[in-house]
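Colleague:
In the numbering used here, the protein residues as written are 17 to 391.
And the structure:
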């Protein structure tokens with residue numbers, strides 16, 4: 017990928033589009049709630065050094081970023097998780113953009129020697145599971161390539177603040193539209209070549225037992241675009257909270273407020289310096305607005321979605337029979353949905369500035385890869 021700096025104008029226009037989309041929700045008496053998770057890996061100068069997570073998180077707080085860093089499963093993998101402070105999707109995108117820009121510097125200040133914001137941290141850990149165990153490490157110390165994801169958790173509240181996902185078909189419609197539109201728009205959340213290699217880690221490197229990361233465009237409650245109601249992606253009860261404690265602070269029983277945590281999770285995005293938080297938030301909100309229209313028109317479940325593979329690369333490839341498989345760049349450049357939906361909701365706010373603000377945003381994004389791609 018050719019490294020092209022994101023223009024300040026592009027960021028300003030994207031943020032104005034987000035403001036306009038949020039006004040569309042307000043006009044409907046609804047509030048979209050979007051919370052992000054960002055994974056990465058850090059390195060230290062030696063085993064004696066460690067990352068001071070508390071001081072990193074204090075720095076994020078001091079900067080007004082609604083997020084916190086925590087450890088992830090793999091060695092020296094971290095996860096930035098947005099905090100539920102009532103921030104709008106626009107503020108959420110701004111916080112993610114700031115976190116992606118500032119976290120490497122902050123983390124190096126408090127113990128890391130290097131910080132990786134990449135789809136795959138190659139050979140970043142060692143150890144394989146005992147076959148069939150799902151959690152017990154064997155004596156096999158072969159390298160593990162760690163996938164890093166950006167996930168978007170989506171729900172919608174009514175004018176009383178109640179989550180609409182548990183008590184309606186809106187969650188199913190949000191999932192349906194995200195499944196329908198994510199294939200041709202996958203360049204937005206799979207923005208570099210290693211993002212596609214991340215999708216094939218489980219099969220290409222024998223890591224199916226160790227990794228649960230998605231690799232297909234699929235739904236249900238365990239797919240790459242998952243709907244969580246009563247159970248989550250590991251079939252665990254959702255909304256589980258301690259209810260009674262015994263001696264030594266041992267939890268004796270739990271409550272299960274799954275209605276509070278019911279949501280759609282777009283799980284397939286890849287951590288990358290090329291990931292644009294604003295365009296991805298626009299993509300999410302456009303799908304939610306479409307889903308609301310479908311839900312209000314039809315008192316029924318959406319049609320079933322058949323799982324499909326993502327394109328194998330950014331670029332077109334040729335099969336052995338001579339047929340061409342379109343890559344993510346071609347798919348996004350040829351689709352019209354993104355620009356048309358942006359214009360449908362936002363063009364009036366840009367009257368006299370752009371003939372089509374949606375087309376302008378799409379073109380500016382493609383120019384980050386190569387000006388030659390734009391005709």
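Ideal Cβ placement from N, Cα and C applies to all residues, glycine included.
This structure is a prediction, so every number in the text was calculated from the model and none was measured.
In the DSSP assignment, find the unbroken beta strand (DSSP E) run with residue 99 in it and report its ends.
Modeller: Residue mapping note: residue 99 aligns to position 83 of the chain shown, counting from 1. That residue, residue 99, is in no beta strand (DSSP E); it is neither H nor E in DSSP.
Colleague: Take residue 287 and list the residues in its own chain whose beta-carbon comes closer than 7 Å to its own, dropping the five residues that flank it on each side.
Modeller: Residue 287 sits at position 271 when you count from the first residue of the chain shown. Only 54, 55, 56, 133, 134, 135, 164, 165, 166 meet the Cβ criterion.
Colleague: Got a sec: does the ligand ZN put a non-hydrogen atom nearer than 6 Å to the Cβ of residue 368?
Modeller: Ligands are entirely absent from the displayed structure, and the ligand ZN is therefore not among its contents.
Colleague: Just reading off the alpha helix (DSSP H) that residue 374 is part of, what are its end residues?
Modeller: Looking up residue 374 in the chain shown gives position 358. Element bounds for residue 374: 373 to 382.
Colleague: Cutting at 6 Å between CB atoms, please list the residues of its own chain near residue 380, excluding the five before and the five after it.
Modeller: Within the chain shown, residue 380 is the residue found at index 364, counting from 1. Result list for residue 380: 26, in chain order.
Colleague: At the level of alpha carbons, what is the spacing between residue 156 and residue 94?
Modeller: On the chain shown, position 140 is the one that residue 156 refers to. On the chain shown, position 78 is the one that residue 94 refers to. Caution is warranted here: a pLDDT of 44 is assigned to residue 156, below 50, making its placement in the model unreliable, and no coordinate value can be reported.
Colleague: For residue 189, does the three-state DSSP call read helix, strand or coil?
Modeller: Sequence index remark: in the chain shown, residue 189 carries index 173 (1-based). In the structure shown, residue 189 adopts helical secondary structure according to DSSP, grouped into three states.
Colleague: Pull up the distance between the alpha-carbon of residue 83 and that of residue 275, whole angstroms please.
Modeller: Along the chain shown, read from residue 1 onward, the residue named residue 83 stands at position 67. Along the chain shown, read from residue 1 onward, the residue named residue 275 stands at position 259. Roughly 23 Å between the two C-alpha positions.
Colleague: Look at residue 243 and residue 191 and say whether their C-beta atoms are less than 7 Å apart.
Modeller: One-based indexing of the chain shown puts residue 243 at position 227. One-based indexing of the chain shown puts residue 191 at position 175. Yes.
Colleague: Measuring CA to CA, which of 49, 60, 120, 233 is closest to residue 178?
Modeller: Indexing the chain shown from 1 puts residue 178 at position 162. Considering only alpha carbons, the answer is 49.
Colleague: Under a three-way DSSP split, which group does residue 150 fall into?
Modeller: Taking the first residue of the chain shown as position 1, residue 150 is located at position 134. Residue placement at residue 150 is flagged as unreliable, the pLDDT there being 44, under the threshold of 50; a coordinate-derived value is accordingly withheld.
Colleague: Report buried or exposed for residue 277, applying the criterion of at least 16 other Cβ atoms within 10 angstroms of its Cβ.
Modeller: Locating residue 277 in the chain shown gives position 261, where the first residue counts as 1. Result: buried.
Colleague: So for residue 95, helix, strand or coil by DSSP?
Modeller: The residue given as residue 95 occupies position 79 in the chain shown. DSSP places residue 95 within a strand segment (E or B) once states are collapsed to three.
Colleague: Mark residue 78 as exposed unless 16 or more other C-beta atoms lie within 10 angstroms of its C-beta, in which case mark it buried.
Modeller: The count along the chain shown starts at 1 and reaches residue 78 at position 62. That one is exposed.
Colleague: Alpha carbons only, please: which of 213, 281, 96, 61 is nearest the one belonging to residue 237?
Modeller: Position 221 of the chain shown, counted from the start, is the residue given in the question as residue 237. Nearest C-alpha to residue 237: 281.
Colleague: Looking only at DSSP bridge pairs, what is residue 333 linked to?
Modeller: In the chain shown, residue 333 corresponds to position 317, counting from 1. Answer by DSSP bridge pairing, in chain order: 341.
Colleague: Along the alpha helix (DSSP H) that carries residue 310, what are the first and last residues, could you check?
Modeller: In the chain shown, counting from the first residue as 1, residue 310 sits at position 294. Looking at the DSSP string, the run of the alpha helix (DSSP H) that includes residue 310 is 293 to 313.
Colleague: Over the uninterrupted alpha helix (DSSP H) stretch that includes residue 33, give me the two end residues.
Modeller: Indexing the chain shown from 1 puts residue 33 at position 17. Note, residue 33: alpha helix (DSSP H), 24 to 43.
Colleague: What residues in its chain sit with their C-beta under 8 Å from that of residue 186, if we drop five residues either side in the sequence?
Modeller: Reading the chain shown from its first residue, position 170 is the one you call residue 186. Taken in chain order, the residues that qualify are 172, 180, 307, 308, 311.
Colleague: Just to confirm the assignment, what range does the alpha helix (DSSP H) spanning residue 209 have?
Modeller: Stepping through the chain shown from its first residue, residue 209 is reached at position 193. Counting along the chain, the alpha helix (DSSP H) containing residue 209 begins and ends at 209 to 215.
Colleague: Determine the contact status of residue 302 and residue 350, defining contact as a CB-CB distance below 7 Å.
Modeller: Taking the first residue of the chain shown as position 1, residue 302 is located at position 286. Taking the first residue of the chain shown as position 1, residue 350 is located at position 334. It is not a contact, given that the beta carbons lie outside the stated cut-off.
Colleague: Comparing C-alpha positions only, which one of 384, 315, 97, 362 sits nearest to residue 298?
Modeller: Translated into the one-based positions of the chain shown, residue 298 becomes position 282. Minimum Cα distance to residue 298 is reached at 362.
Colleague: Pick helix, strand or coil for residue 281, following the three-state DSSP scheme.
Modeller: Walking along the chain shown from the start, residue 281 turns up at place 265. Correct three-state label for residue 281: strand.
Colleague: Given that a residue counts as buried once 16 or more other Cβ atoms are within 10 Å of its Cβ, and exposed if not, what is residue 146?
Modeller: Counted from its first residue, the chain shown places residue 146 at position 130. Because residue 146 sits at a pLDDT of 32, beneath the cut-off of 50, its placement in the model cannot be relied upon, and the point is left open.
Colleague: Between the alpha carbons of residue 354 and residue 295, how many angstroms are there, rounded?
Modeller: Looking up residue 354 in the chain shown gives position 338. Looking up residue 295 in the chain shown gives position 279. So the two alpha carbons sit approximately 10 Å from each other.
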